[in-house]
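To start, the structure itself, in structure tokens.
In this note's numbering, the protein residues as written are -14 to 124.
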């Protein structure tokens, strides 16, 4: 009996752990038009913004001159359901991503991923800096 209770408890813990995964969009960083957000490390980041009406937006990254040799981040624009609407790798200045698009009102997400930026030993002494910015495009 004791073994059955322990096994049942273990199974419940495993199932609870599986059910506890969260959506990374829940922790998305809010973007404000014309206010760059600076990132200082490699990896994936989620950003979010809300539009009150249909609007043409520009989303882009900017790397700093001394970091340009390490590669620029890529961007994926996602709707409120997490579906990728548009992606870009290097159509912006200095190979940065640039997404310009008319969007409907609502909540939007931007997933930014930095490339593999050299060997791990090279990254230990260097920050990987870039900025992400949301602009409202002039018609």
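No residue lacks a Cβ here, since even glycine has one placed at the ideal position from N, Cα and C.
Under the three-pair Cβ rule at 8 angstroms, the segment 30 to 39 counts as touching the segment 10 to 17. Taking residue 87 as the centre and dropping the five residues before and after it, the same chain places the C-beta of 41 closer than 6 angstroms to its C-beta, in chain order.
Boundaries of the beta strand (DSSP E) around residue 33: 29 to 36. Following the DSSP letters along the chain, one finds residue 22 inside the beta strand (DSSP E) bounded by residues 22 to 24. Secondary structure at residue 113: coil, using DSSP grouped into helix, strand and coil. In summary, residue 77 is buried, with 16 or more beta-carbon neighbours lying within 10 Å of its beta-carbon over all protein chains present.
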